[in-house]
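Protein sequence lines, in the order shown, are assigned to chains A and B. Counted from 1, the first sequence has number 45 at position 45 by the UniProt record's numbering; the numbering is strictly sequential. Counted from 1, the second sequence has number 785 at position 785 by the UniProt record's numbering; the numbering is strictly sequential. Note sheet for the following structure.
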Amino acid sequence: MSVEDQSSVILESGDGFQFIVRKSAASKSPAIRSMLDKKNAFVEAVENKIVFKNITAPVLEKVCQYFYYYEKHKGQEVCPDPDFITPELALELLCVADFLDC
Amino acid sequence: MASRGPRGKIRPPRRGLVTDQVDFDEVWAVLAQSLGEIHHKNASALSFEALYRNAYKLVLKKYGDRLYNQVGQLVTEHLQYVAVRDVKPLVPSAVVTGTVGSAIEKRNGGSKFLEQLKAVWEDHQLCMSMITDVLMYMPHQNRVYCTDHKLPTTYATGMGLFREHILRNSQYKIGTALNKVILDQIQMEREGDIISHGPIKSCVHMLESLYETEEENDNEKVYLTSFENEFIDTSTEFYRAEAQKLLQECDAATYLRRVDKRLREERDRCADTISSLTAPRIQAVVEKELITNTIKEVMSMDSGIRSMLDHEKIVDLSLLYRLISRVDKHKNVLKDMACDRLIELGRNINSSLKTPPAPPPPQPQDISNPSTSGAAAVKEEKAASSATLMAIKWVNDVLALKDKYDRIWEQAWEKDKGIETAITRAFTKFINDLQEGPEYISLFIDHNLQRGIKGRTESEVDDVLDKAVILFKYLTDKDLFERHYKNHLSKRLLHNKSLSHDAEKQMISKLKVEVGVAFTSKLEGMFKDMHLSEEMTSEFRRKQQEGEALKIDLSVNVLTSTFWPAKAVGIDSKPCSYPPIVEEAREAFTAYYLQRHSGRKLIWKPNMGTADIKVAFKGRKHEINVSTFAMVILLAFNNVAPGESLSFTDLKSITMIPDEDLIRNLQSLAVAKSTRLLTKKPMSKDVKPTDVFSINESFSNPKIRFRIGVVALNRVENDKEKKETSDSVAKDRDQQIEAAVVRIMKQRKTLSHQQLVIEVIEQLKHRFAPDMGSIKRRIDSLIDREYLDRVEGSRETYQYLA
């Protein structure tokens with residue numbers, strides 16, 4: 001399955017769950033931004049879909065939530081704390097954040 | 001985040017993002033293969049994520065440095081391969097072997113080579129950016145990390161490798177070939193060929209993106225280090241040869257146009273072919289070779305600045321100005337040469353006055369000169385006006401020159417201040433070269449106020465006067481001008497020759513604006529005298545009518561001796577014995593005047609006056625205007641019986657008129673044909689003390705009223721008068737210098753010699769330019785007279801003695 005709409009991108013977890021995310025939000029991660037770069041023309045950019053073999057669905061979901069949270073509050077001086085981070089996943093999220101450089 | 005809600009337990013990651021065991025060689029093999037695919041443009045078959053994850057794995061397991069080195073090696077190998085496969089075959093053979101191919105060969109071969117190099121470069125750039133992206137997790141991407149570890153970033157490494165293995169390829173000399181090809185192409189374009197700019201621009205762009213070291217200092221761009229110097233050198237050579245060629249082939253105007261075109265070409269070339277970084281340097285080369293080194297030669301050509309100035313080639317002169325401004329903001333060459341020509345033209349005007357084709361130089365109208373001694377009023381006018389004609393010609397020529405240079409200055413030289421000063425200096429120089437300058441300017445004004453402005457509108461008159469003032473400004477000896485102007489003005493006023501009172505006033509106010517009240521106060525005083533005299537005369541007449549009327553009408557001009565020129569009011573009064581009726585009137589006025597102003601002294605100047613007399617010849621009445629002396633002479637005959645005569649000595653003893661004036665007046669009365677009221681025995685053109693005079697009974701003149709003038713003496717100065725004038729000028733100047741010194745010292749108390757001299761010159765610059773010697777003499781004289789003293793201990797300082 002692929003997304004025709006070029007303003008969005010499919011992020012797929014290692015266990016096969018797909019998240020359709022706005023590109024502008026997903027571009028928070030420089031890694032994702034590079035993957036989608038048309039100039040480089042890797043398979044991700046051609047298919048408009050990125051498969052993260054080493055990330056599980058629950059973690060990827062949080063990542064997507066963070067993308068939107070960040071985009072919504074970008075540039076604001078005062079903003080509510082993110083309420084979607086559960087302590088259980090905190091460490092795993094930290095690893096993923098490092099991987100995605102965001 | 002943990003501060004809110006119930007404190008949950010932090011679960012350790014179920015499984016790390018990477019597996020525990022990583023074999024570098026295994027993972028690298030995968031990566032290397034993929035990077036190879038990138039080099040072969042097969043990226044779309046690759047998963048970025050997979051590559052990224054692999055690099056991430058290696059870095060996490062601390063294989064980062066190894067990975068970094070391996071990538072460098074991989075890129076090196078690829079570039080070496082590319083150099084052989086893609087670039088080498090296209091290196092133009094001419095460059096390698098050094099033979100010169102045909103233009104077409106050169107152009108095509110060069111273009112292909114450049115295109116290929118451009119393609120290789122673009123591929124490399126793209127690959128490097130892809131590799132960089134994929135290896136993003138490697139700390140070697142991070143500038144901070146790299147600086148800390150003194151390593152270039154992956155991208156910079158890639159660029160460095162390109163420089164080493166493609167451009168600086170020790171086997172194929174691709175970089176040298178590239179320079180040569182670009183320079184060849186530029187050379188072809190300079191010679192008029194058409195080349196395609198795109199490939200050159202891309203290759204130059206490539207050189208600009210590459211640096212000598214991986215630190216990427218801006219002043220170490222490969223473009224600057226390896227290309228630009230070579231470009232500048234070849235250009236210098238080219239333009240040096242071009243200058244010689246143009247000097248031989250072109251006239252000055254064409255030369256300038258070529259230079260302008262070259263400058264534009266080079267500017268455009270920097271914009272669209274090579275880098276704009278080079279623009280200032282290449283412009284400097286063209287300017288130096290084509291302007292600085294040769295402009296003097298160009299300007300001295302036959303078709304150079306002389307002919308441009310003479311024919312008023314505004315466009316050429318303007319171009320010349322712009323080109324010279326590029327290399328010299330003072331434009332000294334232009335200033336010098338333009339002014340040389342100007343001075344030369346000015347001197348021509350000056351000397352044309354002295355050469356035969358011009359109207360003959362005025363004869364000094366001395367009584368000893370037989371040819372003019374016989375001339376009466378008409379002839380006198382003619383001879384005198386030849387000087388005026390010369391003055392007018394001179395003034396008009398100078399003004400024409402001035403107009404021309406003004407036009408050029410305005411239209412071609414952007415009203416450049418420095419050039420204006422230079423032009424002014426040039427005018428000052430040659431105008432003051434001409435000794436008669438001040439006199440001529442005054443004569444020019446005199447002529448216009450007497451005749452020239454007849455029938456002209458006010459603004460036209462204004463223009464004429466303005467022109468005179470322009471020249472006046474250039475004069476250094478303004479006091480000489482004042483002297484002449486006073487003479488001319490006094491004649492205009494006393495002889496009632498001035499056409500317009502307004503114009504006179506206007507002239508004086510213009511002078512006042514130029515040099516101040518001090519200069520014009522005397523001139524204004526002259527007007528005031530005339531005005532007061534008029535009032536006084538009419539009041540005197542009224543008074544006389546109340547009492548016993550005089551037998552004659554008397555009109556008197558009382559002149560203040562300090563305002564008027566010495567010639568009009570000089571102390572050398574020339575008395576004569578007046579006939580009784582005249583004497584009566586004179587005494588009446590003297591009495592009247594002294595009663596009005598006690599303590600003043602009246603000196604009568606019969607040599608300046610005129611009289612209207614009525615005579616009858618053969619029953620026909622005439623009213624004749626003659627000089628006062630002539631009137632006295634004629635009245636002497638009243639007491640002589642008809643037919644009898646008076647000898648020269650008789651006349652002298654009766655009238656007491658000084659010899660010189662007596663002879664002059666007798667000349668106009670007895671020699672000039674149309675006004676011969678007296679007959680002289682023997683008939684000759686000269687009046688001798690032995691001559692005898694009687695009334696010319698057969699005199700006839702068709703006019704009832706006419707005038708008998710007197711041979712003029714002072715229209716043009718003769719040598720003796722010139723000497724007198726210059727002596728009195730010198731005396732005047734001495735006084736003014738002394739006055740200035742005293743004024744300054746009174747204010748400053750003590751002053752060094754140097755400063756005193758400077759201030760004196762400053763104070764007097766509106767009147768004349770004093771020379772150092774006379775200032776020094778005046779100071780010495782003032783010290784002798786104890787106005788000043790030298791300060792003890794320092795010889796060069798003076799103090800003022802109250």
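Glycine residues also receive a C-beta, built at the ideal position from the N, C-alpha and C atoms. Quantities reported herein were computed from a predicted structural model and do not represent experimental measurements.
Going by C-alpha to C-alpha distance, which of the options sits closest to residue i?
i, options, result
"residue 558/B", "528/B, 47/B, 795/B", "528/B"
"residue 298/B", "346/B, 273/B, 245/B", "245/B"
"residue 503/B", "657/B, 533/B, 448/B", "448/B"
"residue 340/B", "306/B, 316/B, 82/B, 164/B", "306/B"
"residue 839/B", "89/B, 610/B, 260/B, 423/B", "Nothing about residue 839/B can be read from this structure; chain B reaches only from 1 to 802."
"residue 89/A", "56/A, 71/A, 81/A, 31/A", "56/A"
"residue 671/B", "653/B, 655/B, 708/B", "708/B"
"residue 774/B", "214/B, 731/B, 80/B", "731/B"
"residue 22/A", "67/A, 94/A, 30/A, 53/A", "67/A"
"residue 592/B", "691/B, 539/B, 639/B", "539/B"
"residue 429/B", "331/B, 477/B, 390/B, 171/B", "477/B"
"residue 41/A", "133/B, 138/B, 351/B", "133/B"
"residue 460/B", "423/B, 506/B, 311/B", "506/B"
"residue 56/B", "255/B, 331/B, 28/B, 44/B", "28/B"
"residue 351/B", "304/B, 83/B, 390/B", "390/B"
"residue 240/B", "257/B, 292/B, 733/B", "292/B"
"residue 699/B", "686/B, 620/B, 632/B", "620/B"
"residue 785/B", "469/B, 623/B, 801/B, 772/B", "801/B"
If the criterion is Cβ atoms closer than 9 Å, does the pair residue i and residue j meet it?
i, j, result
"residue 764/B", "residue 737/B", "yes"
"residue 78/B", "residue 127/B", "yes"
"residue 222/B", "residue 263/B", "no"
"residue 200/B", "residue 174/B", "no"
"residue 216/B", "residue 277/B", "no"
"residue 74/B", "residue 54/B", "no"
"residue 514/B", "residue 473/B", "yes"
"residue 52/A", "residue 69/A", "no"
"residue 445/B", "residue 495/B", "no"
"residue 826/B", "residue 320/B", "With chain B covering 1 to 802 only, the question about residue 826/B has no answer from this structure."
"residue 882/B", "residue 695/B", "With chain B represented from 1 up to 802, any question about residue 882/B goes unanswered, as that position is not in the structure."
"residue 312/B", "residue 408/B", "yes"
"residue 563/B", "residue 523/B", "yes"
"residue 130/B", "residue 43/B", "yes"
"residue 178/B", "residue 114/B", "yes"
"residue 187/B", "residue 238/B", "yes"
"residue 20/A", "residue 35/A", "no"
"residue 646/B", "residue 669/B", "no"
"residue 552/B", "residue 581/B", "yes"
"residue 607/B", "residue 661/B", "yes"
"residue 66/B", "residue 60/B", "no"
Could you tell me which chain C residues have their CB closer than 7 Å to the CB of residue i, listed as they occur along the chain?
i, result
"residue 130/B", "Absence of chain C from the displayed structure is noted, the protein chains being A and B."
> Is the stretch 471-484 of chain B touching the stretch 428-448 of chain B in the sense that three or more CB pairs, one from each, lie closer than 8 Å?
Replying inline: yes
> Taking Cβ-Cβ distances below 7 Å as the criterion, which residues of the stretch 33-60 of chain B are in contact with chain A?
Replying inline: 43, 44, 45, 46, 47, 48, 49, 52, 53, 56
> Name the residues in the stretch 10-37 of chain A whose C-beta lies less than 8 Å from a C-beta of chain B; which are they?
Replying inline: 30, 31, 34, 35, 37
> Given 8 Å as the limit, is there contact between the stretch 207-215 of chain B and the stretch 151-165 of chain B, that is, 3 or more CB pairs closer than that?
Replying inline: yes
> Is it a yes or a no for the stretch 12-22 of chain A touching the stretch 58-65 of chain A, going by three-plus beta-carbon pairs under 8 Å?
Replying inline: yes
> If you measure beta-carbon to beta-carbon, which residues of the stretch 43-58 of chain A are closer than 7 Å to chain B?
Replying inline: 43, 44, 46, 50, 51, 52, 53, 54
> If you measure beta-carbon to beta-carbon, which residues of the stretch 297-320 of chain B are closer than 7 Å to chain A?
Replying inline: none
> Are at least three pairs of beta-carbons, each pair with one atom in the stretch 41-52 of chain A and one in the stretch 45-52 of chain B, less than 8 Å apart?
Replying inline: yes
>> Please list, in chain order, the residues of the stretch 58-71 of chain A that have any C-beta partner in chain B closer than 8 Å.
In response: none
> When the Cβ atoms of the stretch 655-669 of chain B are set against those of the stretch 624-644 of chain B, are three or more pairs found closer than 8 Å?
Replying inline: yes
> What alpha helix (DSSP H) runs, 4 residues minimum, are completely inside the stretch 587-668 of chain B?
Replying inline: 628-636, 648-655, 659-666
> Is there contact between the stretch 598-606 of chain B and the stretch 638-654 of chain B, where contact requires at least three CB pairs shorter than 8 Å?
Replying inline: no
>> Closer than 8 Å is the cut-off here; do at least three beta carbon pairs connect the stretch 749-764 of chain B with the stretch 507-526 of chain B?
In response: no
>> In chain order, what are the residue ranges of uninterrupted alpha helix (DSSP H) at least 4 long that sit wholly in the stretch 189-243 of chain B?
In response: 197-209
> For the stretch 102-178 of chain B, which segments carrying the alpha helix (DSSP H) assignment without a break, of at least 4 residues, lie completely within its bounds, in sequence order?
Replying inline: 103-134, 143-149, 154-162
> Taking the runs of the beta strand (DSSP E) that are 3 residues or longer, which of them lie wholly in the UniProt domain "SKP1 component POZ" (8-71) of chain A?
Replying inline: 8-13, 18-22, 49-52
>> Could you tell me which whole beta strand (DSSP E) segments of length 3 or greater appear in the stretch 284-368 of chain B?
In response: none
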